[in-house]
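Here's the structure, in structure tokens; my notes come after.
Protein chains in written order, with this note's numbering: chain R, 1 to 381; chain A, 1001 to 1381.
Set out below in structure tokens:
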């Protein structure tokens, strides 16, 4: 079985980049990843580019900017799981022997793609009558409150934690601590959410270079290489039925694929980066991954168990709430954070003894439409 | 080395489908391919969906319509090479052992995505000053005329040939023969092109099911399985420099990758489906593939060598000019035609003794931008 390693990582600062393009941001991240890997760029044999709302052949334009035009590249789109799907593309190329070294990146100039809030597609009848992303997740939060006694304050603590982590991340969109009161008093979005329960509209890009174990050993790159044990992907349906609103079967099933492929279980995970597009989303993902029992994560956050110094730190990078959420860049940036932590290079937000990390992405249309994609990736030292 | 076979093909009629969606068309093509393969749909383990201008997670919606939600799927975009890139995704999954059976499809509701002509992206400065797709190819035709003595009538004969083939294809957008005079007298588009030198704006979808050689033998599917020997992909630049306008290095390089992987050469090819988005494009592709010497193809068409009964039939399906061009469906439909011909199931347009077929796609932005993608696939009985 071919071993796959991450040998280089790069990302731009996430935030508002009014004078940049997705291709330009992507090129910055890719140059960073190649520089970090310390390889001759010509070693890269294939590439995958994740983006959601950028012009066609955006990935090819990134390759051209960094002098890599020529090699095979596919642009991939899986909503908010687009970046992690790009990584899976490179992962499979290495397994197939199509390449020994492959590049995956995600880039999104979201402020250029939208004016104002993220809007649903015209073909989405439920969204057209109000079931937008914030509304759907707000309903899930309300339902979770009803079933498990989640409080508004507990929800707010997730935002407080992630923005605290982001304040330690120089590449994060938000670099300022917020208090529980700040979250509770923020501009209302969809009851019970205020603005600070929602991830922002960000621009940014992230990139990783993957290589086979044979290549890594042949080139003496073992010391900083981090093993990508599994890159799982599933499709499914956005959870709007009462039975599925407070537990994500799609996340559970995708995680089980990843655990099986990686030969580890939830009990082995030291830390997690998960898709906290809204505060409640972190709860649903963490419980779907089996890292806490259903209904128990909010109290664990209250006890500090998911903090950087806690039992199992969650979203040390700041997550989508703090680091920002340039859709397709997000899944790649999660893996960038896992690599930094597993290398011991995460600076002031370093998790002591981090050896096994998990990254989770989840994307799809707002409601009703069978258009969800979920990825789970597991990395180890 | 894992062998890869096409075991099922399906496609919709190409044309104007005002009452359909891309997902709906995709589902029809996928159902057709599964039915043609005669397999339990649950044998399909992974999927790739090509589309260019459709809403995000369109592929997931197709899977849901056919009852396959759950399996890994990536939407892929490589401009007009999106469908063939989807096939390459499935091909690599089988090589990697990620799946034994994989589904690839391309779908495009182009009449719903545009009103009027295909327009360049806002970020394309050359297109903004008039270097649109028809203009760029018209310049290449003019240059080819200058260099190799191509005549307007020779160019028209390519349209006549492909529309004659399309008239034999019940799924083609155009089902009517045209004469050289029809082509010459058609509404002017960009000198020397008239309307009949240009591929139309079409809706449609096509799908293929791929399986490994082991799976095919285990399930007794050998009799109708057609071997996919190579699925090559490269990126590059749209040819606007004088030196590259009349010869496509990108097509040549991608073809060489495919020939090497398949263990065949241009001399072994019995027939070809190539990306004839404009009449001149067929010339550039065929010569780039090495099937005729540079500067010699137009005269060969005049002599009937590329006709159905000729030495090396080109675009027996009708090509983009005759069958239509629903962007991402095109690359998959080419492989559908190759399979029909290699099975001997092509009816009135059957090529006698067809054993080795080649399919070529080429997409990208109009001009100047380094945003081209090229695929070449080789199939054999």
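Quick reminder that beta carbons are idealized off the backbone N, C-alpha and C, glycines included.
Spatial distance of residue i from residue j (CA atoms)
{"i": "residue 4 of chain R", "j": "residue 81 of chain R", "result": "20 Å"}
{"i": "residue 1010 of chain A", "j": "residue 1100 of chain A", "result": "19 Å"}
{"i": "residue 350 of chain R", "j": "residue 1040 of chain A", "result": "49 Å"}
{"i": "residue 376 of chain R", "j": "residue 258 of chain R", "result": "6 Å"}
{"i": "residue 84 of chain R", "j": "residue 1302 of chain A", "result": "51 Å"}
{"i": "residue 329 of chain R", "j": "residue 204 of chain R", "result": "6 Å"}
{"i": "residue 1332 of chain A", "j": "residue 1145 of chain A", "result": "32 Å"}
{"i": "residue 288 of chain R", "j": "residue 97 of chain R", "result": "33 Å"}
{"i": "residue 58 of chain R", "j": "residue 174 of chain R", "result": "27 Å"}
{"i": "residue 1070 of chain A", "j": "residue 1308 of chain A", "result": "43 Å"}
{"i": "residue 347 of chain R", "j": "residue 1045 of chain A", "result": "41 Å"}
{"i": "residue 1275 of chain A", "j": "residue 1336 of chain A", "result": "14 Å"}
{"i": "residue 1247 of chain A", "j": "residue 26 of chain R", "result": "31 Å"}
{"i": "residue 169 of chain R", "j": "residue 361 of chain R", "result": "20 Å"}
{"i": "residue 1088 of chain A", "j": "residue 378 of chain R", "result": "26 Å"}
{"i": "residue 1190 of chain A", "j": "residue 1184 of chain A", "result": "13 Å"}
{"i": "residue 300 of chain R", "j": "residue 147 of chain R", "result": "17 Å"}
{"i": "residue 1264 of chain A", "j": "residue 1344 of chain A", "result": "21 Å"}
{"i": "residue 326 of chain R", "j": "residue 113 of chain R", "result": "11 Å"}
{"i": "residue 1365 of chain A", "j": "residue 1133 of chain A", "result": "8 Å"}
{"i": "residue 359 of chain R", "j": "residue 150 of chain R", "result": "24 Å"}
{"i": "residue 1179 of chain A", "j": "residue 1186 of chain A", "result": "11 Å"}
{"i": "residue 1338 of chain A", "j": "residue 1273 of chain A", "result": "8 Å"}
{"i": "residue 244 of chain R", "j": "residue 293 of chain R", "result": "15 Å"}
{"i": "residue 130 of chain R", "j": "residue 188 of chain R", "result": "16 Å"}
Proximal chain R residues relative to residue i, where beta-carbon distance stays under 8 Å
{"i": "residue 1052 of chain A", "result": "56"}
{"i": "residue 1262 of chain A", "result": "Here the premise fails: no neighbours, minimum Cβ distance about 15 Å."}
Within chain A, partners of residue i - CB distance below 8 Å
{"i": "residue 92 of chain R", "result": "1092, 1093, 1096 and 1098"}
{"i": "residue 234 of chain R", "result": "1070, 1071 and 1072"}
{"i": "residue 149 of chain R", "result": "The premise fails here: residue 149 of chain R is roughly 32 Å from chain A at the closest Cβ pair, so nothing lies under 8 Å."}
{"i": "residue 85 of chain R", "result": "1074"}
{"i": "residue 331 of chain R", "result": "Within 8 Å Cβ-Cβ: nothing; residue 331 of chain R doesn't reach chain A, min ~12 Å."}
{"i": "residue 272 of chain R", "result": "Under the 8 Å cutoff, chain A gives no residues; its nearest Cβ is about 21 Å from residue 272 of chain R."}
Assumed close pair residue i, residue j - CB separation to whole angstroms, cut-off 8 Å
{"i": "residue 284 of chain R", "j": "residue 140 of chain R", "result": "7 Å"}
{"i": "residue 304 of chain R", "j": "residue 172 of chain R", "result": "Actually they do not touch by this definition, with Cβ atoms about 21 Å apart."}
{"i": "residue 1037 of chain A", "j": "residue 1008 of chain A", "result": "3 Å"}
{"i": "residue 1357 of chain A", "j": "residue 1253 of chain A", "result": "Actually they do not touch by this definition, with Cβ atoms about 20 Å apart."}
{"i": "residue 207 of chain R", "j": "residue 103 of chain R", "result": "7 Å"}
{"i": "residue 61 of chain R", "j": "residue 1236 of chain A", "result": "In fact, because the Cβ distance is near 12 Å, the residues do not count as touching under 8 Å."}
{"i": "residue 1006 of chain A", "j": "residue 1226 of chain A", "result": "5 Å"}
{"i": "residue 1280 of chain A", "j": "residue 1297 of chain A", "result": "Going by Cβ atoms, the distance from residue 1280 of chain A to residue 1297 of chain A rounds to 10 Å, so no, they are not a contact pair."}
{"i": "residue 323 of chain R", "j": "residue 14 of chain R", "result": "6 Å"}
Partner residues on chain R for residue i, Cβ-Cβ distance less than 7 Å
{"i": "residue 1018 of chain A", "result": "Neighbours of residue 1018 of chain A on chain R: none; closest Cβ ~15 Å, over 7 Å."}
{"i": "residue 1113 of chain A", "result": "What residue 1113 of chain A touches in chain R: nothing, since even the nearest Cβ is about 11 Å away."}
{"i": "residue 1205 of chain A", "result": "By Cβ distance, chain R contributes nothing, its closest Cβ being about 16 Å from residue 1205 of chain A, past 7 Å."}
Residues that residue i contacts on chain A, provided the C-beta gap is smaller than 9 Å
{"i": "residue 132 of chain R", "result": "Near residue 132 of chain R there are no residues of chain A at all, since even the closest Cβ is about 15 Å away, more than 9 Å."}
{"i": "residue 377 of chain R", "result": "Under the 9 Å cutoff, chain A gives no residues; its nearest Cβ is about 13 Å from residue 377 of chain R."}
Under 9 Å from the C-beta of residue i: neighbouring residues of chain R
{"i": "residue 1288 of chain A", "result": "Neighbours of residue 1288 of chain A on chain R: none; closest Cβ ~15 Å, over 9 Å."}
{"i": "residue 1154 of chain A", "result": "None at all; the shortest Cβ gap to chain R is about 31 Å."}
{"i": "residue 1089 of chain A", "result": "74, 76, 89 and 92"}
{"i": "residue 1043 of chain A", "result": "Residues of chain R passing the Cβ test: none, with the nearest at roughly 17 Å."}
{"i": "residue 1033 of chain A", "result": "Those do not exist, as residue 1033 of chain A stays about 18 Å from chain R at its closest Cβ, beyond 9 Å."}
{"i": "residue 1029 of chain A", "result": "By Cβ distance, chain R contributes nothing, its closest Cβ being about 18 Å from residue 1029 of chain A, past 9 Å."}
Neighbour list for residue i in chain A, Cβ cutoff strictly below 7 Å
{"i": "residue 190 of chain R", "result": "Residues of chain A passing the Cβ test: none, with the nearest at roughly 21 Å."}
Cβ contact (3+ pairs, closer than 8 Å) linking the segment 1228-1237 of chain A and the segment 1193-1201 of chain A: no
The segment 1009-1025 of chain A touching the segment 1069-1078 of chain A, judged by at least three CB pairs closer than 8 Å: no
Against chain R: residues of the segment 1068-1080 of chain A by CB proximity under 9 Å: 1068, 1069, 1070, 1071, 1072, 1073, 1074, 1075, 1076, 1077, 1078 and 1079
Any 3 or more C-beta pairs closer than 8 Å across the segment 1163-1183 of chain A and the segment 335-354 of chain R: no
Cβ contact check for the segment 1146-1163 of chain A and the segment 1211-1218 of chain A: 3 or more pairs under 8 Å: no
The segment 1094-1112 of chain A contacting the segment 1044-1056 of chain A, beta-carbon criterion three pairs below 8 Å: yes
Positions along the segment 1291-1318 of chain A whose CB lies within less than 8 Å of some CB in chain R: none
Chain R contacts made by the segment 1212-1228 of chain A, where a contact means CB separation under 7 Å: none
Chain R contacts made by the segment 1335-1365 of chain A, where a contact means CB separation under 7 Å: 1364 and 1365
Interface positions of the segment 1160-1184 of chain A facing chain R (Cβ-Cβ less than 7 Å), listed along the chain: none
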